[in-house]
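**Student:**
Chains as they are written, first to last, in this note's numbering: chain H, 255 to 491; chain W, 255 to 491; chain U, 255 to 491; chain R, 255 to 491; chain D, 255 to 491; chain X, 255 to 491.
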């Protein structure tokens, strides 16, 4: 597991601009093909997210351990996680893709929001989803399910590498979310991904403007020499 | 199968306030863990529903029985059901989770609405879903599919216990729906569930206000003695 | 494979009015039971679509052929398809239902829109889905995924019969889309389907008005002799 | 629902010879395309089965009704069914395709075998499957699962039409099983299906002998006039 | 997580006799309903297994960490696990149910066998499955897949609580396997489960003998007073 | 698409020896990670297969084209394929993974066997599977289903690149099958894959012998210098 490295403000600024589609392409060009959480969608209108993974892992519930529905803030990894995440953190939950119960409700999500968390992501469901959808803090899930998490899930541990929606997420990974979903960026690649994504986004804005104006794909996408020269002239302006 | 019991107006009033998430928790505390219809969502903006289950069961279509696309109001259980449901009834359809055809269209849904039905729920799909979504009567389904129900489904019988979205639904069960989905409450538990859910909802409103104001989970959720005393003071006011 | 036949303007006009639910019923009455794309939904608010199938087939990617992320407009069937579709064409993509990668992004969809395409349909996912959703040209997919198409898909060939969402689509098939989804009509049936659907839609509008006014199903849906006579009087007016 | 009719001994004898593949083809020629239980396989080496459907329906368990693990032979529909099936009956269980628990164990299956039942079919799992596999009475299921049926299933009623593995099964339907699986034949078609299947099987034996001897498909399968004449000569011998 | 307790030889002897079906019922009577690994089957004829869980967790592979196909015995948790398991241990692998790659091959399984391991269980696939199937050491999996584990899986850590085939498995849990599959028993319940299972198995052997002899369910299963008295007489002999 | 190249006899001999697990690893080392057909298993005891892909593509059936159940050897691509395959060919069928109908029966499989075909592979089901399982020619499928192929499938074309069980298969690809399943090798890699696989298999036989003799993983797998020297000495003998 690569060491967790700090991300500069400049890189954060660059990472917030491009779409997850652009970031996924840049990562694929670096050989990382499986970085987008399949099937995980934003709950509400606030879907622009940037932060670092704080991981929480659930395993299946077992009746003698989980049926009390009592929650102990001192020992329950879910509760501990909520009170540890802070500004810039995205809580990422490995729920094994099991949507037969919620993985978090409105009170805990609100607490995270008050603590300044950058977002929350699960490959299962949220409960109280209409309330969570209205938080300013972005939230991503497969679906909504009203059942409390202990029906199906046992909060097991935190800050370990996890699986989320088929993608490996390591603590400290950079997570960017938009209306389309969430992409995972290994931190040691964040600087170069940020720069290349900004450049690609800029280039594609130029291209899509030309396409809207009637340019054909040939010569435009990818750019031939003439178009590239024209693009470079616009860069200088 | 427990006998169907009338629900008092007071209980109905209490049941309409809490979210399905709260009701599901109260039921779990009573040992009923599988009461929320997994994967069934409201079609349109009207999603607040309260009523009692009137069940309709479909089995797979067979070509010699179902390919005519003629419908006989006198013998077709679907048609009979539509003309039997009345105020306070929620038609619940067991479609085996099969989404490859509709289970009801706009004309029948409109008829139910005119008859005063409280809602309609299927673990399959609706057809004419844009029209149904605009009815004042809430409707819940897995998805939309334009095919007529006889393509895939044969209306078989009514008012028997059924499976809907993985949950047992008995005729007369209390169904509460909101933006998150639908919860099934056995009628013999309705009174106590209603009271406990109202109390829990009230308590959680108090808690979420404190969390919004910056209180940590410890001491607040669950409440410690000091917070509980404070909460009880607010109850007396 | 039946020969591709031109569709008259009058038929197009008739086909644009009815819902996909009505068209699916008319096709079922003719013995065609599997004509609606299961699980494929409109991306944005523009969902009224009418056009003819221009097919594009993907197979799984293979690393030595697809990992370069270079795109050649002269040889890539996806790129060739984009520059061949024109007014009245609906690009239909066979993505094997695999949602683990996009099948098209904003630049190509925009190009198709500029070329006058009537729509685009995939049984996989789109990337840049927020941008595509805002195009005037309707787009239908199972879901959104940010990964570039070559992660999962290899554009293989065009204008062959394909599978899309469990339905056979032949080049030239008539595709009609609305808020509910997409129906496939063999062109040799288009004229009669159009006429019968218009008649059925007209009849059902009459019926639903009566149902809204309180008429029971019996005598109204299906119509008995008295109602039919009343309906025929309205036709004459 | 067509009335249940007796099947003659001659028809039974004819029905026992052909494979389920042949019977499925004969039914398809009569317009019945969905008659084979998808995904249901024989448990053990005894897989030749012929009998009539005695149906049993399960719905999801509910904790207050099903968690006692006490079984009452007088009221439990599963127990009642076991003591009602007799010679020529095949117990067919609608388990909603849910394989997360057994639907029957060795003691009940043995009792059915002692009573002379012709077989047992479930679209869920059996428990004690190694013991059931060794019974002389054929048994078909999707899989094996050790959990008792009340974990997941509530025996609901018997002798109603059911869904089993995606196929409609009516009480009294003729069920034929072999190593490949189980086909459902409506009894009003049993005589003609039996005769045509016997004829088809005979014809295909002739064809496969020719194919083994080196004959090409053309002229052989389907037979041209010369081959048909040759076949008819063999019929006369 | 309950503390891991030693299991006495007497308990092991009792646990090896009953079927997983009997053990699952005994656990259900104690309120533990989800203890059998759904969909996990023995690979070969050696399927009688008894041991304690040694857990190994996989997460999805990431190309920059996993594509080398070099394996380091000093740091790879899979390799470390293999050299730590000993007599009485069952290696249980959390492969997220992903069958698109192997989770272990013949060389490592052979090494575990040589080290005296009691078995190996995965909720994914094995590679070299024909070789593993012939080992004396029992092995359980969902299926077989030839791809090396690093194609899909990243060995992450060991001896943590895991999910396997939908069931929670804690290090030290007692695992019993037979031809039907694998059941998980919390160690603090092992003694009483062992005793009750032995008693139940003995009782059911008596019952099934009576059923084979023609006794009806009523009076026999469950036993009435007369049968129970008869059974108790046999106990004394 | 790379050109189809002949495979030397020496390469064939080398390719027949190693397991599909070994071949899949060698391909992964060359950057091809997705070459094994997930979920496709041998039908019978004859599972050692080596040959080149002859592809056949099915799309969903449409009633007006496929319901006649008449088969025309002159125009039906399935029939044409059967009479074109010869010694060394493996017919590979793209059935979209749809197991709700057979993709081939005993007569056609027998004809292929008589023509000397090396095998047949489908990502759907076979019908007459007990007969096909007994052919000397190996056959691989997901499952068995008695329905004729035209119930679900329309034979569409042959010798195009296809998808089979999630893997791209190009005409002429080298297919190797064993008890575990089927691996696809691009022909331009066949020589080097063959040589490296033979070497790897030889090396792994040496390793597994040492492991059986009690050697630990460290120093043995992977080999350290001493073990490698010992291995090289055995090579010289």
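Here a beta-carbon is modelled for each residue, glycine too, at the ideal position from N, C-alpha and C.
Bear in mind that the values here come from a model prediction, so they are computed numbers and not experimental data.
How would you write the range of the alpha helix (DSSP H) that residue 367 of chain R sits in, first residue to last?
**Tutor:** 360-368 is the span of the alpha helix (DSSP H), which, as asked, contains residue 367 of chain R.
**Student:** How would you list, in chain order, the residues of chain X whose beta-carbon sits under 8 Å from the beta-carbon of residue 461 of chain R?
**Tutor:** Under the 8 Å cutoff, chain X gives 361.
**Student:** Can you have a look at residue 299 of chain R and say buried or exposed, based on whether 16 or more other CB atoms are within 10 angstroms of its CB?
**Tutor:** Label assigned to residue 299 of chain R: exposed.
**Student:** Hey, how far is the Cα of residue 419 of chain U from the Cα of residue 379 of chain D?
**Tutor:** If I take the Cα positions, the gap works out to 29 Å.
**Student:** Count the CB pairs spanning the segment 281-291 of chain X and the segment 407-415 of chain X that are closer than 8 Å, and state whether there are at least three.
**Tutor:** Too few Cβ pairs lie closer than 8 Å, so no.
**Student:** Let me check one thing: in DSSP terms, what residues is residue 310 of chain R bridge-paired to?
**Tutor:** In the DSSP output, where bridge partners are listed per residue, residue 310 of chain R has R/347, R/412.
**Student:** Considering only the alpha carbon of each residue, which of U/327, U/283, U/305 lies closest to residue 402 of chain W?
**Tutor:** Of the listed residues, the one whose Cα sits closest to residue 402 of chain W is U/283.
**Student:** Quick one: what's got a C-beta closer than 7 Å to residue 410 of chain D's C-beta in the same chain, skipping five residues either side?
**Tutor:** The residues are 311, 312, 313, 331.
**Student:** According to the Cβ coordinates, are residue 396 of chain H and residue 356 of chain H closer than 8 Å?
**Tutor:** Taking 8 Å as the Cβ cut-off, residue 396 of chain H and residue 356 of chain H do not qualify as a contacting pair.
**Student:** Residues of chain H with CB under 7 Å from residue 417 of chain D, in chain order?
**Tutor:** What residue 417 of chain D touches in chain H: 313, 314, 350.
**Student:** Whose CA, out of D/472, D/443, D/337, lies closest to the CA of residue 262 of chain D?
**Tutor:** The option with the nearest alpha carbon to residue 262 of chain D is D/443.
**Student:** Under 6 Å Cβ to Cβ from residue 387 of chain H, same chain only, skipping five residues before and after it: list those, please.
**Tutor:** These residues qualify, in order along the chain: 297, 298.
**Student:** Could you confirm whether any beta carbon from chain D is found closer than 8 Å to the beta carbon of residue 256 of chain X?
**Tutor:** Note that residue 256 of chain X has pLDDT 48, beneath the 50 cutoff, so the model's placement of it is unreliable and the number below is only indicative. So, not an interface residue.
**Student:** Using a cut-off of 7 Å between C-beta atoms, extract the partners of residue 465 of chain U located in chain W.
**Tutor:** Within chain W, the residues near residue 465 of chain U are 361, 364, 365, 368.
**Student:** Compute the Euclidean distance between the alpha carbons of residue 440 of chain U and residue 489 of chain U, then round it to the nearest angstrom.
**Tutor:** Using only the alpha carbons, I get a separation of about 29 Å.
**Student:** Let's see if you can read the secondary structure: which residues bound the alpha helix (DSSP H) around residue 393 of chain U?
**Tutor:** No alpha helix (DSSP H) contains residue 393 of chain U, which is instead part of the beta strand (DSSP E) from 393-395.
**Student:** Against residue 471 of chain W, what residues of chain H qualify as contacts under a CB-to-CB distance less than 7 Å, listed in chain order?
**Tutor:** Within 7 Å Cβ-Cβ: 327, 333, 336, 337, 365.
**Student:** Please report how far the alpha carbon of residue 470 of chain D lies from the alpha carbon of residue 365 of chain R, in whole angstroms.
**Tutor:** Approximately 7 Å between the Cα atoms of the pair.
**Student:** Would you give the residue range spanned by the alpha helix (DSSP H) that residue 481 of chain X belongs to?
**Tutor:** It spans 479-490 - the alpha helix (DSSP H) in which residue 481 of chain X sits, taken as one unbroken run.
**Student:** Using only the alpha-carbon positions, how far apart do residue 304 of chain U and residue 318 of chain H sit?
**Tutor:** Taking the straight line joining both Cα atoms gives about 58 Å.
**Student:** In chain order, what residues of the same chain have a beta carbon less than 7 Å from the beta carbon of residue 217 of chain X, not counting five sequence neighbours either side?
**Tutor:** In this structure chain X extends from 255 to 491, so residue 217 of chain X is not present and cannot be described.
**Student:** So which of R/480, R/473, R/452 has the shortest CA-CA distance to residue 276 of chain R?
**Tutor:** When each option's Cα is compared against that of residue 276 of chain R, the closest is R/452.
**Student:** So, with DSSP's three-state summary, where would you put residue 464 of chain U?
**Tutor:** Three-state result, residue 464 of chain U: helix.
**Student:** Mapping the DSSP letters down to three states, classify residue 299 of chain U as helix, strand or coil.
**Tutor:** Coil at residue 299 of chain U, not helix or strand.
**Student:** Taking the alpha-carbon of residue 394 of chain W as reference, which of W/448, W/309, W/423, W/346 has the nearest alpha-carbon?
**Tutor:** It is W/346.
**Student:** Please list the terminal residues of the continuous beta strand (DSSP E) segment that includes residue 439 of chain W.
**Tutor:** It spans 435-439 - the beta strand (DSSP E) in which residue 439 of chain W sits, taken as one unbroken run.
**Student:** Strictly below 8 Å CB to CB, what residues from chain W border residue 392 of chain U?
**Tutor:** The premise fails here: residue 392 of chain U is roughly 14 Å from chain W at the closest Cβ pair, so nothing lies under 8 Å.
**Student:** Alpha carbons only, please: which of D/468, D/477, D/370 is nearest the one belonging to residue 363 of chain R?
**Tutor:** Nearest option by C-alpha distance: D/468.
**Student:** Given a cut-off of 8 Å, decide if residue 435 of chain X and residue 280 of chain X are closer than it, judged by their beta-carbon atoms.
**Tutor:** Contact flag unset, no.
**Student:** According to DSSP, is residue 399 of chain R part of a helix, a strand, or is it coil?
**Tutor:** It is coil, neither helix nor strand.
**Student:** Below 7 Å on C-beta distance, what does residue 384 of chain R contact in chain D?
**Tutor:** Neighbours of residue 384 of chain R on chain D, chain order: 433, 434.
**Student:** Let's see if you can read the secondary structure: which residues bound the alpha helix (DSSP H) around residue 278 of chain X?
**Tutor:** Taken as a continuous stretch (DSSP letters only), the alpha helix (DSSP H) holding residue 278 of chain X covers 274-283.
**Student:** Under three-state DSSP, which class holds residue 261 of chain H?
**Tutor:** DSSP places residue 261 of chain H in coil when its eight states are reduced to three.
**Student:** Compare the Cα-Cα distances from residue 309 of chain W to each of W/487, W/473, W/431, W/427 and report the closest residue.
**Tutor:** The residue with the shortest Cα to Cα distance from residue 309 of chain W is W/427.
**Student:** Is it the case that the Cβ atoms of residue 343 of chain X and residue 306 of chain X are separated by a distance below 8 Å?
**Tutor:** Yes.
**Student:** Could you tell me which of D/264, D/265, D/348, D/406 sits nearest to residue 322 of chain D, measuring between CA atoms?
**Tutor:** Here the closest residue by C-alpha is D/406.
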